[in-house]
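J.:
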Amino acid sequence: MWMVKPGVAEFQAEAEFLHYAYATGGCRHVSYTCICGSGENGSILHYGHAGAPNNKVIKDGDMCLFDMGGNYAGYAADITCSFPANGKFTEDQKIVYNAVLDARDAVLQAAKPGVLWSDMHLLANRVMLEALKKADLLQGDVEDMIRAGVHAVFQPHGLGHFLGLDVHDVGGYLPGHPERSSEPGLSKLRTARPLKAGMVLTVEPGCYFIDWLLQKAKADPAQAKFINWANIERFRGFGGVRIEDDVLITETGTENLTEVPRTKGSRVRRNQCPDGKRRQHRPPWNFWLERRSFIHKFQVIVRSNKIIHHTPNRSGYSKN
């Protein structure tokens with residue numbers, strides 16, 4: 009995020025990440041195609057592929073949604089940062105960012121062994137909907153919104169997924185475990201299993217303003233009544249915000265393996281590094297690949313046999 013500013017192309021941010029992952033991070037691969045969405049491209053969940061190849065020039069006022077991860081010693085990282093391109097949050101950007109951050113925080117505090125992952129998904133959605141309601145973007149009872157599927161209009165993906173040798177790792181829906189739900193939002197989850205100590209998952213709530221989903225909701229009286237359309241119109245073209253961390257389930261709760269700045273605030277300090285020191289040269293924004301990063305922590309945990317192997321046999325696996 010330090011090198012990004014208006015006028016920089018999305019693919020230049022991708023190149024910065026790839027160079028640092030290989031040259032400094034010691035990675036031979038990355039976990040998946042980099043997603044470097046700015047402005048309305050932040051609402052494309054898997055942006056960055058050949059059909060939408062990170063080729064927009066970042067504009068002043070854009071929110072950036074960067075989803076990238078290194079692959080070190082065969083293990084995948086999957087991390088998303090969202091931030092304003094010009095370094096300063098607008099009031100509307102703060103509303104959405106803080107709603108997602110509060111949802112993330114609620115999950116990190118509530119997740120522990122025995123808790124259903126589907127319940128964590130709904131918890132995150134409730135927190136986010138409450139924040140949007142407080143900002144006068146939504147109206148009505150939050151539980152009624154969830155029953156109507158409004159949460160899936162603004163977050164049309166699951167809360168997260170298993171992480172390991174594959175970025176979307178195996179073990180989501182196995183015999184003897186909860187089956188995939190058909191309910192809005194929950195149907196997108198890659199697992200509904202109860203959490204166990206040793207599991208590693210991503211926690212990635214998001215809030216997006218996707219035109220076709222908003223149009224669909226507007227045409228559905230059951231959903232339209234909960235949305236303040238006069239206020240939601242100013243978010244057309246906003247894109248989205250996603251905050252994604254890689255999290256270990258421990259015996260007592262969670263350990264966040266991701267080291268990126270998440271603090272609420274009005275400004276991104278471009279030349280201030282996470283360790284509090286100022287650097288003369290432009291630092292790479294993906295500093296989680298440094299020594300105290302997620303992937304090194306992950307290796308230590310794996311070697312100490314604290315990680316659950318989600319399935320003993322990977323043959324014949326096809327992704328959801």
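FYI, in this note's numbering the residues of the sequence shown are 9 to 328.
Don't be surprised by glycine CBs; every beta carbon is placed ideally from N, CA and C.
(1) Using alpha carbons as the reference points, say which of A238, Q223, H169 and D68 lies closest to Y181.
(2) If distances are taken between C-alpha atoms only, which option among G82, N62 and D68 comes closest to F74?
(3) Which runs of the alpha helix (DSSP H) at least 4 residues long sit entirely within the segment 171-247? Give them in chain order.
(4) Would you call the CB atoms of I251 and M207 closer than 8 Å?
(5) In whole angstroms, what separates the C-alpha of S39 from that of N79?
(6) Does the Cβ of H37 have 16 or more other Cβ atoms within 10 Å, making it buried, or fewer, making it exposed?
(7) Roughly how many angstroms separate the alpha carbons of T266 and E212, rounded to a whole number?
(8) Could you tell me the distance, in whole angstroms, from the CA atom of R155 to the CA atom of F234?
(9) Report the three-state DSSP secondary structure of N94 (helix, strand or coil).
(10) Using beta-carbon positions only, say whether I193 and G248 come within less than 8 Å of one another.
(11) Ignore the nearest five residues each way along the sequence and tell me which others in T262's own chain have a CB closer than 6 Å to its CB.
(12) Give the straight-line distance between the Cα atoms of G15 and A21, rounded to the nearest whole angstrom.
(13) Taking one C-beta from the segment 44-56 and one from the segment 96-114 each time, how about it: are there three or more such pairs within less than 8 Å?
(14) In this structure, does DSSP put E151 in helix, strand or coil?
(15) List the endpoints of the continuous beta strand (DSSP E) containing S46.
(16) How about G335 and L197: are their beta carbons less than 8 Å apart?
(17) Could you check how far apart the C-beta atoms of M153 and L167 are, in whole angstroms? I think they sit under 8 Å.
(18) Could you tell me the distance, in whole angstroms, from the CA atom of I52 to the CA atom of I218?
(19) What's the gap between the Cα of Q231 and the Cα of N239?
(20) If Y30 sits next to I43, beta carbons under 8 Å apart, how far is it from one beta carbon to the other, in whole angstroms?
(21) Is it true that the CB of V135 sits closer than 8 Å to the CB of A111?
(22) How is the alpha helix (DSSP H) around N49 delimited, first residue to last?
(23) With 8 Å set as the bound, which would you pick, yes or no: does the beta-carbon of G69 sit closer than that to a beta-carbon of chain D?
(24) Using the beta-carbon count (16 or more within 10 Å), is K285 buried or exposed?
(25) What does the Cβ neighbour count give for Q163, buried or exposed, with the cut at 16 atoms within 10 Å?
T.: So, to answer that:
(1) Residue 181 sits at position 173 when you count from the first residue of the sequence shown. Measuring from the Cα of Y181, the nearest candidate turns out to be H169.
(2) By 1-based counting over the sequence shown, the position of residue 74 is 66. The residue among G82, N62 and D68 with its C-alpha nearest the C-alpha of F74 is N62.
(3) Unbroken alpha helix (DSSP H) runs of no fewer than 4 residues, entirely contained in the segment 171-247, are found at 219-226, 229-232 and 237-240, following chain order.
(4) Residue mapping note: residue 251 aligns to position 243 of the sequence shown, counting from 1. Residue mapping note: residue 207 aligns to position 199 of the sequence shown, counting from 1. Not a contact, by the Cβ cut-off of 8 Å.
(5) What you label residue 39 is simply residue 31 of the sequence shown in a count that begins at 1. What you label residue 79 is simply residue 71 of the sequence shown in a count that begins at 1. Approximately 5 Å between the Cα atoms of the pair.
(6) Within the sequence shown, numbered from 1, the residue matching residue 37 stands at position 29. Flag for H37 reads exposed.
(7) Within the sequence shown, numbered from 1, the residue matching residue 266 stands at position 258. Within the sequence shown, numbered from 1, the residue matching residue 212 stands at position 204. Inter-residue distance for T266 and E212 is about 12 Å (C-alpha atoms, whole angstroms).
(8) Looking up residue 155 in the sequence shown gives position 147. Looking up residue 234 in the sequence shown gives position 226. Going from the Cα of R155 to the Cα of F234 covers about 11 Å.
(9) Counted from its first residue, the sequence shown places residue 94 at position 86. Note: N94 maps to coil in three-state DSSP.
(10) Taking the first residue of the sequence shown as position 1, residue 193 is located at position 185. Taking the first residue of the sequence shown as position 1, residue 248 is located at position 240. The sequence shown places Gly at residue 193, not Ile. Against a cut-off of 8 Å, the Cβ pair of G248 and G193 comes out as no contact.
(11) Walking along the sequence shown from the start, residue 262 turns up at place 254. Residues L116, A119 and V255 of the same chain have their beta carbon placed closer than 6 Å to that of T262, with the five preceding and five following residues left out of the count.
(12) Position 7 of the sequence shown holds residue 15. Position 13 of the sequence shown holds residue 21. Taking the straight line from one Cα to the other gives about 11 Å.
(13) With a cut-off of 8 Å, the segment 96-114 and the segment 44-56 do not count as touching, because too few Cβ pairs lie within range.
(14) On the sequence shown, residue 151 is found 143 positions in, with the first residue counted as 1. Three-state result, E151: helix.
(15) Here residue 46 corresponds to residue number 38 of the sequence shown, with the count starting at 1. Element bounds for S46: I43 to S46.
(16) This structure gives no information on residue 335, because the portion of the chain shown stretches from 9 to 328.
(17) Walking along the sequence shown from the start, residue 153 turns up at place 145. Walking along the sequence shown from the start, residue 167 turns up at place 159. For a cut-off of 8 Å, the C-beta gap from M153 to L167 is around 17 Å, too long to register as a contact.
(18) Locating residue 52 in the sequence shown gives position 44, where the first residue counts as 1. Locating residue 218 in the sequence shown gives position 210, where the first residue counts as 1. I52 and I218: Cα-Cα distance of roughly 8 Å.
(19) Reading the sequence shown from its first residue, position 223 is the one you call residue 231. Reading the sequence shown from its first residue, position 231 is the one you call residue 239. Taking the straight line joining both Cα atoms gives about 16 Å.
(20) Locating residue 30 in the sequence shown gives position 22, where the first residue counts as 1. Locating residue 43 in the sequence shown gives position 35, where the first residue counts as 1. About 18 Å; that fails the 8 Å criterion.
(21) Here residue 111 refers to the residue found at position 103 when the sequence shown is read from its first residue. Here residue 135 refers to the residue found at position 127 when the sequence shown is read from its first residue. In this structure, A111 lies near V135, with their beta-carbon atoms less than 8 Å apart.
(22) Working through the sequence shown from its first residue, we reach residue 49 at position 41. For N49, no alpha helix (DSSP H) encloses it, and the DSSP letter there is neither H nor E.
(23) No chain D is part of this structure, which consists of one protein chain only.
(24) If you number the sequence shown from 1, residue 285 lands on position 277. Confidence in K285 is poor, its pLDDT being 41 and thus under 50, which makes the residue's placement too unreliable to answer from.
(25) Mapped onto the sequence shown, residue 163 falls at position 155. Classification of Q163: buried, given that the 10 Å Cβ count is 16 or more.
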